[in-house]
Amino acid sequence: MDLPSTVRVSAATRELIERRELLQENQPVDVTRPELLQSHPLGSRCEVAPGGRRGVVRFVGRPGGLQICVAVELDEMQGDDVQLGGRWLDGVTYFEPSRADAPVVWKAPKEVVCGDFPELDPFADLSG
Numbered sequence: 001m002d003l004p005s006t007v008r009v010s011a012a013t014r015e016l017i018e019r020r021e022l023l024q025e026n027q028p029v030d031v032t033r034p035e036l037l038q039s040h041p042l043g044s045r046c047e048v049a050p051g052g053r054r055g056v057v058r059f060v061g062r063p064g065g066l067q068i069c070v071a072v073e074l075d076e077m078q079g080d081d082v083q084l085g086g087r088w089l090d091g092v093t094y095f096e097p098s099r100a101d102a103p104v105v106w107k108a109p110k111e112v113v114c115g116d117f118p119e120l121d122p123f124a125d126l127s128g
């Protein structure tokens, strides 16, 4: 980490900066729970709590070495926790979404259920 001598940071901040730089050099991020990848396979359809939002699992791991997260690219822009094109956290890119402005949420694994969750048709109730 090369900071100018006039910049002063705490030991904790210095450690976070060094960890971020290490992550940028050594991608992908280590996933220490293989059973999580089995229950949340990359590319699988899923439903995200709260609100029953649907999407596709794009990343499973420990962004920044912290808690395990599941990144989901949502079918629709729904919720206050959505990032547009949010394939990164803390400046580290973790995956490539299907489009640059894709809505993405980062959730705890318990909030993401994988299974047969097809994309919802907003006009399904109108036919008839």
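Just so you know, we're using full-length UniProt numbering here: the sequence shown kicks off at 1 and counts up by one. Every residue, glycine too, gets a C-beta built ideally from N, C-alpha and C. Model, not experiment: these values are computed from the prediction.
So, using beta-carbon positions, are residue i and residue j closer together than 7 Å?
{"i": "S44", "j": "V60", "result": "no"}
{"i": "D81", "j": "V105", "result": "yes"}
{"i": "A71", "j": "G85", "result": "no"}
{"i": "L74", "j": "G52", "result": "no"}
{"i": "P109", "j": "L36", "result": "yes"}
{"i": "E47", "j": "F117", "result": "yes"}
What first and last residue would you give for the alpha helix (DSSP H) that runs through residue i?
{"i": "P34", "result": "34 to 39"}
Could you tell me the alpha carbon to alpha carbon distance between residue i and residue j, rounded to whole angstroms?
{"i": "R99", "j": "R87", "result": "10 Å"}
{"i": "D90", "j": "L126", "result": "43 Å"}
{"i": "V92", "j": "S39", "result": "25 Å"}
{"i": "L23", "j": "P63", "result": "Caution applies to L23, whose pLDDT of 49 falls short of 50 and renders its modelled position unreliable; the value that the coordinates give is listed next. Roughly 9 Å between the two C-alpha positions."}
{"i": "D121", "j": "A11", "result": "51 Å"}
{"i": "A124", "j": "C114", "result": "23 Å"}
{"i": "E119", "j": "E76", "result": "9 Å"}
With which residues is residue i paired in a DSSP beta bridge?
{"i": "L89", "result": "V92"}
{"i": "V104", "result": "E73, Q83"}
{"i": "G61", "result": "C69"}
Just to confirm my understanding: we take residue i, look at its own chain, exclude 5 residues before and 5 after, and list those with CB closer than 6 Å. What are they?
{"i": "Q27", "result": "For Q27, the predicted model reports a pLDDT of 41, less than 50, meaning its position is unreliable; a value from the coordinates is still stated below. Taken in chain order, the list of residues that qualify is empty."}
{"i": "Q78", "result": "R53"}
{"i": "D30", "result": "A caution first: D30 carries a pLDDT of 44, below 50, which makes its placement in the model unreliable, though a value can still be read off. The answer is none, since no qualifying residue turns up."}
{"i": "C69", "result": "P63, W106"}
{"i": "Q83", "result": "V104"}
{"i": "A49", "result": "E111"}
I need the boundaries of the beta strand (DSSP E) containing residue i, first residue and last residue.
{"i": "E47", "result": "45 to 48"}
Near residue i, what residues of its chain come up, given a Cβ to Cβ distance below 8 Å and the 5 sequence neighbours on each side ignored?
{"i": "Q67", "result": "A108"}
If I measure Cβ to Cβ from residue i and keep anything under 7 Å in the same chain, skipping five residues before and after, which residues do I get?
{"i": "P97", "result": "R58, E73, G85, R87, V104"}
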